[in-house]
Each structure stands twice: as structure tokens, then as C-alpha cells.
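Novice: The structure follows.
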Amino acid sequence: MSSSDKGPAYLGLGSVLAVALCTLWLAAVGHLDLYINPRYDVFTIVLAAVAVPAAVAGLVVVARGHGHRHDDGADDDHGDHGGHGASTAPTRRRVLGRVLGGAAALVTVGVTVAMLVLPPATLSARTAQQRSVDTPTLSNATGTQDVALLGSAGVDTSQYGVKDWAAVIRQTTDTSSLVGKPVRLTGFVVPGADGTFTLTRFVISCCAVDAQPVGLGVVTDGTVPDADQWVRVEGKLAANPDPSGDARIVIRAASVTRIAQPSDPYEY
5 MSSSDKGPAY LGLGSVLAVA LCTLWLAAVG HLDLYINPRY DVFTIVLAAV AVPAAVAGLV
65 VVARGHGHRH DDGADDDHGD HGGHGASTAP TRRRVLGRVL GGAAALVTVG VTVAMLVLPP
125 ATLSARTAQQ RSVDTPTLSN ATGTQDVALL GSAGVDTSQY GVKDWAAVIR QTTDTSSLVG
185 KPVRLTGFVV PGADGTFTLT RFVISCCAVD AQPVGLGVVT DGTVPDADQW VRVEGKLAAN
245 PDPSGDARIV IRAASVTRIA QPSDPYEY
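Residue numbers for the sequence shown follow this note's numbering, beginning at 5 and rising by one.
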């Protein structure tokens, strides 16, 4: 195998090694859950731990093969007296392959450096708006969660999250039964009309790529916090004062307190 033939092998194995090392680093610093559902942590870490020595071994094997190049290419060069055109096409292919390989290598290095240097960030209010957090489609994030008993008498709702209440509202035919129920929820702000905003969380099924926003409208007499600000909202569920709004139930906030982003910003 010639050195030029080894380029793709080096690139592929190097990419696997870089991604595996970044994954282990994210796990070590506690940021892996910003990218995947925690239930996949063990599987992902084990896979990355196996990939590191496997990639290193592959790189060693490829490197030791250096110098054992076939003579076919040389024979072809000497034996092919058909002219300049016969050797031009292979040369162009090699140049193109090196250019594409170099570009791929730069992308891999760039992504790796970004993961190591830039602070991990959660999805934003802009992303939530792009994924229709303030329309009925937000309830898709609640899936087929069984909430037949949620919110009924005798059920403790103190530990409900945004997703739980969204599921209750989605599956309750007579939402008047929910009016007056106390809530204490945390999420980030997606601004709405005057005096309102949507208290939002992202729900992750597998990883951040498939994250879906879920939220509850909030009506407050105070100042609406800035977009992406994390807040704790305390209040009661109420009928939406805007009859033209999509949401049937909103939170009538008694208090809206600005807080730092929690260590685990997603719901699952």
C-alpha cells in the first residue's frame, strides 16, 4: 500500500479515534448528557472505550504497512507508452482524492477542537421557535405517555415537570378540571405576546438532534424575562385569557424567578 493509498485509512481511523476521545472527555466532565439521553450513557461510554484501542491498533497496522507498495503502478508507468493522456486521468483522481481527504480532515479536526474548546451549550429559544414550541405541535414531545391518572384527586403533582403538565393538558378533554391546580416549574423563556411567554424545556428521546420543545404558556403581571433566560415559575393553571390562542390552559404566574441553567436542562 502506497502512502497516498493510506490517506483514507488514516483519515477514517483518526476520525474514529478523535470522536471516541471527545466522547470520553464529555463523559468525564459531566457534559455527555447535553448531547444524548442519559439511558444511553453506559452504552456510549463502553463503545467509545472500545473504539480508542481499536483505532490505535488500526493506525499502527496501517503505518507498519508503509513501504510495501505494489510494483504494478511502476510497471504501468514504464510500460504504458500510449502517451500523456493515459496517465493524466489517474493523476487527476489522486489529486482530487487528496483534496477531498484534506477537506474531510480539516472538518474532523475542526469539530474535535470545537468539542474540546467551546463550552457545551443547550438548545435555545430560537430553536424552540423554529420547532413550533408555541403551537399545538409542541405536544408531540409528550409522545404516548400514560397520563390517565395524572392530575386526578389523590395524585401528587409536586414533582411534575413541563412535559408532564403538557401531557395532562393534551389528554384532558375537560380542561376546566385543571384550572386552579398549583404548579412550580422551571424552564427557559420563549417570548410571546405582551405579558406572556412560553416556559419551555427540550425533551430528548435519543440525542440532541431529535430534541423536541415542549412548553406551557405563562401570563404574568411582571416583566417578561429575556429570551433563553432560565426561570422558576410558581402559580396556578388557568384558562387562557386569549380566546384566539392555541393553548387552552396557561399558567397564571404568582412569581417568576430568574435562575441559573440547571445541570440537567433536558427532560426525557
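We treat Cβ as the ideally placed atom computed from N, Cα and C, and that holds for glycine.
#1: Between residue 182 and residue 172, how many whole angstroms is the CB-CB distance? I'm expecting something under 8 Å.
#2: Does the separation of the CB atoms of residue 166 and residue 218 fall below 8 Å?
#3: So, is residue 163 buried or exposed, given that buried needs 16 or more other C-beta atoms within 10 angstroms?
#4: Taking its Cβ as the centre, do 16 or more other Cβ atoms sit within 10 Å of residue 3, making it buried, or is it exposed?
#5: Quick check: residue 239 and residue 251, are their CB atoms within less than 8 Å of each other?
#6: My understanding is that residue 38 touches residue 264, with C-beta atoms under 8 Å, so please give their C-beta distance in whole angstroms.
#7: Taking residue 236 as part of the beta strand (DSSP E), name the residues at either end of that continuous run.
#8: When the Cβ atoms of the stretch 19 to 31 are set against those of the stretch 194 to 209, are three or more pairs found closer than 8 Å?
#9: Bridge partners for residue 211 per DSSP, in chain order?
#10: For residue 30, would you say it is in contact with chain C, using Cβ-to-Cβ distances shorter than 8 Å as the test?
#11: Alpha carbon to alpha carbon, how far is residue 169 from residue 246? Give it in angstroms, no decimals.
#12: Bridge partners for residue 259 per DSSP, in chain order?
#13: Run through DSSP, which three-state label would residue 205 get?
#14: Determine the closest residue to residue 204 out of 214, 271, 46 and 174, with distance taken between C-alpha atoms.
#15: Roughly how far, in whole angstroms, is the beta-carbon of residue 51 from the beta-carbon of residue 45, given that I think they are within contact range, below 8 Å?
#16: In whole angstroms, what separates the C-alpha of residue 201 from that of residue 43?
#17: Could you check what DSSP says for residue 34 in three-state terms: helix, strand or coil?
#18: Give the secondary structure of residue 186 by DSSP, where H, G and I count as helix, E and B as strand, and everything else as coil.
#19: Just to check my reading of the structure: residue 228 and residue 199 have Cβ atoms closer than 8 Å, yes? What is that Cβ distance to the nearest angstrom?
#20: For residue 322, report the span of its alpha helix (DSSP H) as first-last.
#21: So the alpha helix (DSSP H) residue 48 belongs to, where does it begin and stop?
#22: Compute the Euclidean distance between the alpha carbons of residue 64 and residue 58, then round it to the nearest angstrom.
#23: One question on the structure: do residue 253 and residue 244 come within less than 8 Å of each other, judged by their Cβ atoms?
#24: Using a Cβ-Cβ cut-off of 8 Å (strictly less than) and excluding sequence neighbours within five positions of residue 207, which residues of its own chain qualify?
#25: According to DSSP, what are the bridge partners of residue 193?
#26: Nearest CA to the CA of residue 12: which residue from 221, 178 and 66?
Specialist: Taking the coordinates as given:
#1: Under the criterion of beta carbons closer than 8 Å, residue 182 and residue 172 qualify as touching, at roughly 7 Å.
#2: yes
#3: Exposed.
#4: Any property of residue 3 remains undetermined from this structure, which presents the chain solely from 5 to 272.
#5: no
#6: Going by Cβ atoms, the distance from residue 38 to residue 264 rounds to 15 Å, so no, they are not a contact pair.
#7: 234 to 243
#8: no
#9: 40
#10: As a matter of chain content, chain C is missing from the structure shown, which is built from one protein chain.
#11: 20 Å
#12: 238
#13: strand
#14: Looking at 214, 271, 46 and 174, the one whose alpha-carbon comes closest to that of residue 204 is 271.
#15: Contact flag wrong, Cβ pair sits at about 11 Å.
#16: 31 Å
#17: coil
#18: strand
#19: That pair is a contact at about 7 Å.
#20: The structure shown does not extend to residue 322, since the chain spans only 5 to 272, so no value can be given for it.
#21: 45 to 68
#22: Their backbone Cα atoms lie some 10 Å apart in a straight line.
#23: yes
#24: 145, 146, 167, 215, 216, 217, 218, 270, 271 and 272
#25: 203
#26: 66
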